[in-house]
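Beneath this line is the structure, given in structure tokens, with notes to follow.
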Amino acid sequence: MKRIVFVLFALLGTALPVFAQDAAAIVSASRNRIKAATVSTRTRMVTTAKDGSTKEQMLDQYAKDDASGKSRTVIVFQRPPGVRGTRFLTLENRGRGNDQWIFLPALGKVRRISSSEGSDSFMGTDFSYDDISSASRDSDLDTHSLVREEAYNGRACYVIESRPKDASYQYSRMVQWIDKDTKISYKLDLYNRRNALVKTVEMSDIKDVQGWLTAHITKMTTHADGTFTTLFTDIIKYDDPIPESVFTTSYLETGKATR
Amino acid sequence: MKKRYAVLVLALVLVSPALLLSAQEDDGFGFGGGEEDGGFGFGPDGGGSGAGAASPGAPLIGAKIGGKVSAGLTFFPDDFLAKGGESALDRTKKVELHDIFSGELKFSAEASNADAVINLKLAPNFKEPSEILLLDEAYVRAFFGRLIFEGGLRKLTWGRADSFGPLDLTNPFDYSDLSGMTDFSAIKIARPMLRASWGIGMFSKIEGVFVPWFEADRFAEQGRWRPAQLRRAEQIPSQLVEKLTSDLTPFFLSGEADPGRIGELMNLMGSMSQSDPLFSSFNKLVPDTSALEYFQGGLRFTTTLGPADFGAQYYYGLHPRPSYRLSPAGYGNLMQAIKDYAKLSDADAQQDGMAAIKAAMDPLALLDIAYNRYHHIGVDYAQVLFGFNVRAELAANITGDLSGDDGFVYNPALLWSLGFDRDIPVVRINANLQVNEKITLLHNRLGSDPLLDIEAGSKMTSTRVTLRLSRSFFRDELELQATAIWGIEDKDCYLIPSVTWTKGDLSLEVSGGIFAGDRDGELGQYRDNYFIKTLLSYSF
């Protein structure tokens, strides 16, 4: 009996790390699912207030890693008129904070900016700056565990809980539903440090884009406020050529990419 | 000029929709790419656009109209108070309401290797209808790979400081209404200029600018915003009389002068000591600077090294404020004309003698007025340090007065600016602090006579501290902001609180302005000009 119990515990002991390893692998596979050299998108952000009134913003985003694999992103705001022509450049750095610059048409020059508090609202939407970058969040930053398997919208999914290793991160845990077959993430529940559910992200309108299944609608709901922001990806292109000069302060200033 | 602008606006309004229809539906996403997605992306045929793209072979033109229309009121509570023997009611009846309507119209057209911009300001002046439409900026840019040429009426910003940095000197400023001072770009005056820039590597650039003629900073010549610096010019007659009296006394006592003439001359100088309208309209005395003689130009190099941005520049320019002095020749002529008149006994000759004195009293003959040339060298720096977004500038303005004792030329000066901004955690307030200082070199060599030294009586340093605090609520729909500008040496300040509510393309702003401190200071002199402004704006 003791031997059986010992074997069971041994099996269990070896099984737990396997689950964690599998969970991490699943999350990593989900986040690195699309292997594209560049991503170009046009997105409408529609923020709906509790009273039903809406606010719409439109932005273009161009992303391309540099030769060493560090990410580079340019965002160009198209609407509303008050921010039209504003351009924003982020260059990832390793070992220090990212470099960020902004061009404000009213100011007429490029200005370096500091990284905002990750929990701050991005452009007045329900997405925080951390939320915006969560899709590319390194899976090594969290500890993952497979909670269960269940169906979501008729699709068999892994339900994985991720806990940030950094205690100062705005969320204490994140629970996501990942399609077992396609590795698409359909839903993400975000919990604050008091373990209360604060936000939910839902991805839908999945379409094949250049061979990659891509969500065209992403909805972030802030439960306490009763507000939600919906991202409509009107245009998305993978591996579209983006000149290197786009990721420069000169592009921010002129809006023109030189050869 | 008004008619030309009206025709231009009408043409643009009629033509632009046609251009918009012919432009791709993607409205400038990426560049190049296929027709099916409206030219999205940077595509294989990308010509460096990033906007207004189309498939290969199609015209690469996009045109946009945008702008803002505002309605509001600015009123000054002091205008409604009893003052100077007038009742509050009587003063209220005289109140003029300004800035009821204003607006901006922005036209832009883009091709793959060029773009053009025309920005108009709508500023109805119901007393001067010809000034309803003002050209704010109008320029063309041509892109040839890393080389960019630009020409037209342009506002340029050099340096890293958020406002009024010592390196930002290609354009003058309009200080004729300080209620709009926080909108830094709006008070900058566009100038005709040619500019070329060359991109070096990924983050370096060298640019050159040529400004063919010069315009100084603008100030209100009359009204509530008329600065003390202009009122200083009104003191010239009384200062002149004081000097003449002192210099002529030995002559009057020498016995050479006719006693009858001395009395007349004393009466004449008494009338001179009152404000001469020509002196009070100082701008009419300054030289016409719309010639190539008053060109300016400079070179600027910028780069990014690791986490920091750097810049260095040279500029050959003109001091934005005129210098004046009592002309030695003009004063000598006046002295001689007075002495000659004082010796006259012949009644017939007295008429000619008096005419000679009045001719010598002409301000244009008595004053030397000029804009001083200077060589400017400046460096700047920006970096995020421990969460603080730090910006710094350092400059030297080297005039021709290297000994410091030429009263007709401003002394050389050192200027610096240091600032940062940071989001304060927990309270989520953005704090933006900037300190600017000008240090007049060789200050101990300045003269004390204001008629002979433009900087007589000025302080060695002039320091301004600007602090702006802002906080947004309700998903950026409501913004509270408070700006404070302190003049350290002048012991004065300017406080500007504001609340802005934004709903979609509509915004409502309520702001105020309070001046405080020493009434002799550049800010404190406007202590009676505290105001409340409301503005309803629609952006499109």
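From first to last, the protein sequence lines are chains R and G. When the letters of the first sequence are read in order and numbered with our numbering, they come out as residues 1 to 259. When the letters of the second sequence are read in order and numbered with our numbering, they come out as residues 260 to 799. We put the CB at the ideal spot given by N, CA and C, even for glycine. Computed from a predicted model, the values in this text were never measured in an experiment.
Check	Outcome
Any chain G beta carbon closer than 9 Å to E244/R	yes
6 Å CB neighbourhood of A375/G in its chain, flanking five on each side removed	A368, V399
As assigned by DSSP and simplified to three states, the class of Y600/G	helix
DSSP state of R94/R mapped onto helix, strand, coil	coil
Chain R contact residues for M461/G, given Cβ-Cβ distances below 8 Å	E244, S245, F247, T248
Start and end residues, alpha helix (DSSP H) containing F511/G	495-512
Straight-line gap, L392/G to A382/G (C-alpha atoms, nearest Å)	6 Å
Chain G within 9 Å of P164/R, Cβ atoms only	no
Between the CA atoms of P241/R and P303/G - distance to the nearest angstrom	Confidence in P303/G is poor, its pLDDT being 41 and thus under 50, which makes the residue's placement unreliable; the coordinate value appears in the next sentence. Roughly 7 Å between the two C-alpha positions.
Residues sharing a beta bridge with M461/G, DSSP	Looking at the DSSP assignment, M461/G forms no beta bridge with any residue, so it has no partner.
Cβ pair count under 8 Å reaching 3, the segment 187-202 of chain R against the segment 216-235 of chain R	yes
Straight-line gap, L146/R to Q176/R (C-alpha atoms, nearest Å)	10 Å
Straight-line Cα distance separating E652/G from G418/G	7 Å
Neighbouring residues, chain R, relative to N648/G (Cβ below 7 Å)	R112, I113, S114
C-alpha gap between V545/G and L626/G, whole angstroms	10 Å
Under 7 Å from the C-beta of V643/G: neighbouring residues of chain R	G97, R112, S114
Neighbourhood of L280/G by C-beta, 7 Å cutoff - its chain only, sequence neighbours within 5 removed	At L280/G, the pLDDT of 38 sits below 50, so the modelled position is not reliable and the matter cannot be decided from this model.
F366/G: contacting residues in chain R (beta-carbon distance under 8 Å)	Neighbours of F366/G on chain R: none; closest Cβ ~14 Å, over 8 Å.
Assigned exposure category for N93/R - 16 Cβ within 10 Å defines buried	exposed
Contacts of S121/R in chain G (Cβ-Cβ under 9 Å)	S731, R734, D735
Cα-Cα separation between T759/G and M123/R, rounded to whole angstroms	16 Å
G637/G at chain R interface by Cβ criterion, 9 Å	no
Buried versus exposed, by CB contacts within 10 Å (16 or more), V201/R	buried
Length of the line joining the Cα atoms of P518/G and A715/G	36 Å
The segment 440-454 of chain G / the segment 491-502 of chain G touching (three or more Cβ pairs under 8 Å)	no
Cut-off 7 Å between Cβ atoms - residues of its own chain near E515/G, not counting five sequence neighbours on either side	K602
Selected residue, minimal CA-CA separation from H578/G, among R681/G, F790/G, A629/G	A629/G
Helix, strand or coil at I206/R according to DSSP, with G and I counted as helix	strand
Candidates F288/G, L765/G, G637/G, E474/G, of which the one nearest L674/G by Cα	G637/G
Straight-line gap, A313/G to T38/R (C-alpha atoms, nearest Å)	Its pLDDT being 34, under 50, A313/G is placed unreliably in this model, and the coordinates cannot settle the point.
D65/R versus I102/R - alpha carbon distance	19 Å
Where T47/R meets chain G, residues with beta-carbon distance less than 7 Å	R734
DSSP three-state assignment for V292/R, whether helix, strand or coil	The shown model of chain R, from 1 to 259, leaves out residue 292/R, and the question about it has no answer.
The segment 397-414 of chain G: positions lying closer than 8 Å to chain R by Cβ	R400, F402, G404, R405, I407, K414
Neighbour list for L458/G in chain R, Cβ cutoff strictly below 7 Å	Checking the displayed sequence, the identity of residue 458/G turns out to be Gly instead of Leu. Those within 7 Å of G458/G in chain R are S250, T258.
Partners in chain R for G771/G, counting only beta-carbon separations shorter than 8 Å	By Cβ distance, chain R contributes nothing, its closest Cβ being about 22 Å from G771/G, past 8 Å.
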